[in-house]
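Using full-length UniProt numbering, the letters of the sequence shown correspond one by one to residues 1 to 143. Here the structure comes first, spelled out in structure tokens, and everything after it is commentary.
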Amino acid sequence: MTFINKKGFSLIEVLIAVLVLGVSTSALIGYQIKQSTTLEFSNMTLIATEAANNVLDEVQSKSKEIRKKDAKCAPSNQCISGSSLPTSFSVNGYSFSQHCSLSCPNTALDVFKYTVNINFAYKDEAGKVSLSRSLATGQHYVP
């Protein structure tokens with residue numbers, strides 16, 4: 001039996017090439033999905049940080065009113081309890097919750113600490129929270 005030199009590829013060569021292309025394509029698709037998820041999370045973090053900074057800027061501009069209204073200070077200028085102002089907002093279809101609290105870390109100096117926490121909760125199709133993260137935290141000391 002003599003082998004005649006034929007042009008073309010054998011079935012094994014074609015199957016190996018398809019396997020290599022399939023593995024590399026699936027790796028690229030996985031990388032693309034991970035990259036888009038990371039980009040989406042960084043956008044949510046940016047929105048949350050911006051919202052926290054906006055609240056802290058408002059606190060800074062209205063520090064005297066906030067101190068009088070929210071500090072609930074006794075006549076001896078000691079902070080009895082802080083107040084909390086929970087709100088929520090939605091950006092591009094994503095829901096964020098915001099919790100602001102006021103506390104008195106140093107009553108001798110008459111200083112109040114205003115903290116803002118921004119949380120993100122992702123709900124799946126059934127309405128269950130499948131991802132919940134604290135995205136941004138900011139603090140401002142009100143003299």
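Yeah, the Cβ is synthetic: ideal placement off N, Cα and C, and Gly gets one too.
{"Query": "Own chain residues within Cβ distance below 7 Å of A17, not counting five before or after", "Result": "none"}
{"Query": "Backbone CA spacing between V20 and A51 [nearest angstrom]", "Result": "47 Å"}
{"Query": "Own chain residues within Cβ distance below 8 Å of L15, not counting five before or after", "Result": "none"}
{"Query": "Neighbourhood of G22 by C-beta distance below 6 Å, restricted to the same chain and skipping five residues each side", "Result": "none"}
{"Query": "Residues sharing a beta bridge with G54, DSSP", "Result": "With the sequence shown as reference, residue 54 is identified as Asn, and Gly is not the correct amino acid for it. Looking at the DSSP assignment, N54 forms no beta bridge with any residue, so it has no partner."}
{"Query": "Between the CA atoms of N54 and K34 - distance to the nearest angstrom", "Result": "30 Å"}
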